[in-house]
Structures are given as structure tokens and as C-alpha cells.
Ligand code: PXP
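In the working numbering, the protein residues as written are 79 to 321.
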């Protein structure tokens with residue numbers, strides 16, 4: 079069974095559009111838990127565009143399932159993780175101007191810095207994972223610095239429709255997965271996955287965990303809007319009937 083981590087960032091994206099209280103990523107996390115998610119993922123971005131520090135604290139306190147904290151490899155985030163103690167930290171590169179994560183970490187070029195971060199987090203019982211492109215050199219470097227796992231970036235694969243190009247990207251993910259497992263890394267995957275493109279990823283025998291966010295939140299609007307409109311109409315009619 080693949081362990082599904084539900085990323086609730088974009089519930090907070092919607093809340094931040096109004097800077098109000100709803101929708102609440104904690105409630106979404108509790109629904110995900112009830113639905114059978116293995117864990118919850120939140121990405122605390124440096125610009126706090128969606129998830130806020132307090133969301134992470136509340137989610138950490140209230141959910142029973144594991145919490146995976148995605149964050150940039152910077153001191154501010156390290157100190158926050160040491161305080162919150164998520165079950166797992168996934169380091170991802172971050173650029174202020176990007177709309178979403180654009181690529182994997184350059185582990186090869188930052189081995190010393192990443193190694194020091196691992197040495198701070200693992201002794202606290204926090205699993206240490208690195209988000210990397212499906213690139214053999216990067217995967218090997220992740221092992222060298224002692225990561226527990228890698229999350230393979232499925233972004234380039236997910237952007238494509240079924241066809242020859244997508245098959246090439248899929249092959250890279252398969253090869254990187256096989257290599258990672260062979261050298262002793264646990265393999266996760268994520269970014270841009272949907273119910274259509276996830277099937278081929280879930281077929282890869284080495285993949286143990288998936289991180290999925292945007293598509294789940296987007297689809298839940300379609301699945302939930304009808305009932306929500308009906309509830310609103312009932313409330314309106316209640317008012318009208320009191321006229
Ligand atoms: N994995 C990482 C490292 C990410 O940064 C993201 C997006 O926050 C995801 C997985 C989930 O991607 P998506 O929201 O497209 O499912």
C-alpha cells in the first residue's frame with residue numbers, strides 16, 4: 079500500500095485570499111485523516127503565502143497521523159522545525175517569484191549545508207527527506223549526506239499529456255526510483271499528480287509515499303459545490319419564509 083500524504087496548502091491559499099478564518103487547513107487535515115490519508119503535508123513558505131506558522135502548530139497538535147513539513151533549507155525554517163517537531167521534514171528549494179516549486183534541490187552543490195541540517199533534525203526523531211529531480215547524481219548525493227528518503231519531483235512528468243514525451247519523463251522517474259531503493263533510500267514522489275497521471279507513478283514498485291495537494295483541493299470544489307449551494311438555498315428560503 080502506498081502511503082498518501084494529503085497536502086492542505088491550498089485550503090490556506092483560499093483563506094489567505096480574504097485573510098479570514100475559512101477555509102481552515104486544520105479542518106481539511108482532519109477530513110483527510112478521516113478519509114484514510116496516511117499523513118498530512120504542509121509547506122511553510124518563506125513568504126507565508128498560504129500556510130501560516132499557527133496552522134502548522136494547530137495541525138501538529140490536533141491530527142493523529144504523521145505530519146510532513148515541507149520547507150526551504152534555511153535557518154529560520156530549521157529553527158521552526160526544531161520547535162514543532164514534525165514527523166518528517168522535506169527540504170525543497172524555494173524562489174520568491176515562483177508560483178509553485180519549480181524543481182528539485184541541487185544536493186550535489188550543497189552537500190555540506192544539507193548534511194548539517196540533517197545532523198540537527200534526525201537526532202530529534204525527525205525523518206529527513208530531500209525533494210530532488212529524477213536525476214541519478216542528485217539521488218546519490220542525497221544518500222551520501224544521510225537522508226532517510228528522497229521525494230522525486232514528478233512536476234515535469236505531470237505537466238505533459240499522455241504520449242511519448244511523458245513516457246520519457248516516466249522512465250527517468252522509474253530509473254531514479256530503482257537506483258534510490260538500491261542504495262538504501264526510501265522513495266516518495268509528488269508534484270502535479272492527478273487521478274489520471276498518478277496511476278503510472280503508483281505502478282512503480284519502489285514508490286512508497288505520495289504527496290498530493292492541488293488536484294485534491296481543486297477536485298473537492300467540484301465534488302462539494304452542489305451540496306454547499308443547496309445548503310445555502312435552504313438557509314435563504316428559511317429567511318424568506320419568515321418575511
Ligand atoms: N511535493 C513538493 C515538494 C511540493 O512542493 C508540492 C507542492 O507544494 C507537492 C509535492 C504537491 O504538489 P501538488 O500540490 O501539485 O500536488
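Glycine included, every Cβ here is placed at the ideal spot set by N, Cα and C.
Because the structure is a prediction, the values reported are computed rather than measured.
When the Cα of residue i is compared with those of the options, which residue comes out closest?
i, options, result
"residue 188", "220, 79, 106", "220"
"residue 226", "209, 131, 252", "209"
"residue 80", "266, 301, 167", "266"
"residue 238", "248, 293, 169", "248"
"residue 128", "118, 139, 88, 136", "88"
"residue 244", "256, 146, 235, 251", "235"
"residue 167", "112, 83, 285", "83"
"residue 186", "288, 131, 223, 277", "223"
"residue 114", "198, 275, 151, 141", "141"
"residue 202", "290, 156, 176, 309", "156"
"residue 231", "207, 132, 241, 139", "207"
"residue 195", "153, 100, 288", "153"
"residue 268", "304, 212, 297, 184", "212"
"residue 260", "291, 93, 228", "228"
"residue 256", "286, 92, 178, 86", "286"
"residue 170", "317, 92, 123, 138", "123"
From residue i to residue j, what does the alpha carbon distance come to, in whole angstroms?
i, j, result
"residue 108", "residue 271", "21 Å"
"residue 218", "residue 205", "18 Å"
"residue 258", "residue 282", "12 Å"
"residue 246", "residue 252", "10 Å"
"residue 319", "residue 111", "39 Å"
"residue 143", "residue 264", "19 Å"
"residue 279", "residue 214", "18 Å"
"residue 301", "residue 151", "36 Å"
"residue 180", "residue 312", "44 Å"
"residue 135", "residue 242", "44 Å"
"residue 306", "residue 121", "28 Å"
"residue 240", "residue 250", "15 Å"
"residue 303", "residue 200", "42 Å"
"residue 288", "residue 119", "10 Å"
"residue 117", "residue 276", "18 Å"
"residue 165", "residue 159", "10 Å"
"residue 130", "residue 294", "20 Å"
Would you mind reading off the limits of the alpha helix (DSSP H) that contains residue i?
i, result
"residue 163", "No alpha helix (DSSP H) holds residue 163; DSSP gives it neither H nor E."
"residue 301", "292-319"
"residue 180", "Run containing residue 180: none; DSSP gives neither H nor E here."
"residue 195", "189-199"
"residue 148", "No alpha helix (DSSP H) contains residue 148, which is instead part of the beta strand (DSSP E) from 145-149."
"residue 337", "In the structure as shown, the chain starts at 79 and stops at 321, and residue 337 therefore has no counterpart that could be examined."
"residue 127", "No alpha helix (DSSP H) contains residue 127, which DSSP labels as neither H nor E."
"residue 249", "242-260"
"residue 277", "276-280"
"residue 112", "103-113"
Tell me whether residue i, by its Cβ, gets closer than 7 Å to a heavy atom of the ligand PXP.
i, result
"residue 282", "no"
"residue 209", "yes"
"residue 128", "no"
"residue 293", "yes"
"residue 178", "yes"
"residue 134", "no"
"residue 168", "yes"
"residue 87", "yes"
"residue 305", "no"
"residue 114", "no"
"residue 289", "yes"
"residue 117", "no"
"residue 181", "no"
"residue 271", "yes"
Can you tell me where the beta strand (DSSP E) holding residue i begins and where it ends?
i, result
"residue 228", "227-231"
"residue 81", "81-85"
"residue 119", "117-121"
"residue 208", "205-210"
"residue 265", "264-268"
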